[in-house]
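Participant: Just dropping this structure here.
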Amino acid sequence: MPHRTSSVLYLRRIRPNPMRALALDVGDARIGLAISDPNGVVCLPIEALVRSEESDDLAAVVDLAKREGAETIVVGLPLSLDGTHGPAARKMRRFTSALRKSADMPVESYDERFTTAEAENRLRAAGYEPSRDRARLDSMAAVIILESFLAARANRTNRSSI
């Protein structure tokens with residue numbers, strides 16, 4: 003059985019700057035949520051928030067981030083298929099800007115293209131019907147956003163340390 007110290011050293015090599023992050027998949031009805039472990043390796047869904055007034059949504063997200071010990075918040079950015087910023091992306095950039103003003107931690111946007119389709123596939127593979135549980139779907143999409151964000155961050159860090 004591997005020694006715990008060697009496991010921690012391996013994690014530090016593949017994730018040299020560990021970080022606990024909260025991810026959001028913001029929709030009109032709900033905000034899907036996911037949190038990473040402190041090493042930034044495992045991403046877990048959290049129960050989605052039902053949308054309210056934007057100021058209440060922002061306060062709830064900031065409160066959750068603090069309670070969970072998140073060091074950064076990642077907001078899914080719904081780019082068009084060609085990568086341009088359509089109406090949905092512009093709306094999300096405004097939300098992200100307001101969140102940056104409310105949070106006392108970094109807030110980053112991350113491309114969320116195809117996350118809902120992948121979340122549907124994962125849920126079906128696990129025996130769930132996504133159309134019957136939209137909140138679970140939204141939080142699974144947040145998991146995928148967070149996994150992608152952390153993987154891209156680790157790749158950037160690993161490339162710069164070579």
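Using our numbering, you'd call the opening residue of the sequence shown number 3 and step up by one each time.
All C-beta atoms, glycine included, are put in the ideal place defined by N, C-alpha and C.
Here the structure is a predicted model, which is why all the values come from computation and not from measurement.
Compute the beta-carbon to beta-carbon distance between residue 26 and residue 71, rounded to the nearest angstrom, for a pair I have assumed lies under 8 Å.
Facilitator: Going by Cβ atoms, the distance from residue 26 to residue 71 rounds to 16 Å, so no, they are not a contact pair.
Participant: Anyone know if the C-beta pair for residue 29 and residue 144 falls short of 8 Å?
Facilitator: No, the Cβ-Cβ distance between residue 29 and residue 144 is not below 8 Å.
Participant: Which residue's Cα is closest to the Cα of residue 149: 89, 112, 87?
Facilitator: For residue 149, the nearest C-alpha among the options comes from 112.
Participant: Looking only at its chain, what residues have a beta carbon closer than 7 Å to the beta carbon of residue 60, apart from the 5 residues adjacent to it on each side?
Facilitator: These residues qualify, in order along the chain: 100, 101, 104.
Participant: In three-state DSSP terms, what is residue 114?
Facilitator: Three-state result, residue 114: coil.
Participant: If residue 130 and residue 136 are in contact, beta carbons under 8 Å, what's the gap, nearest whole angstrom?
Facilitator: Not quite, the Cβ-Cβ distance comes to about 11 Å (not below 8 Å), so this is no contact.
Participant: Measure the Cβ-Cβ separation of residue 62 and residue 51 and say whether it is below 8 Å.
Facilitator: The answer is yes: Cβ separation under 8 Å.
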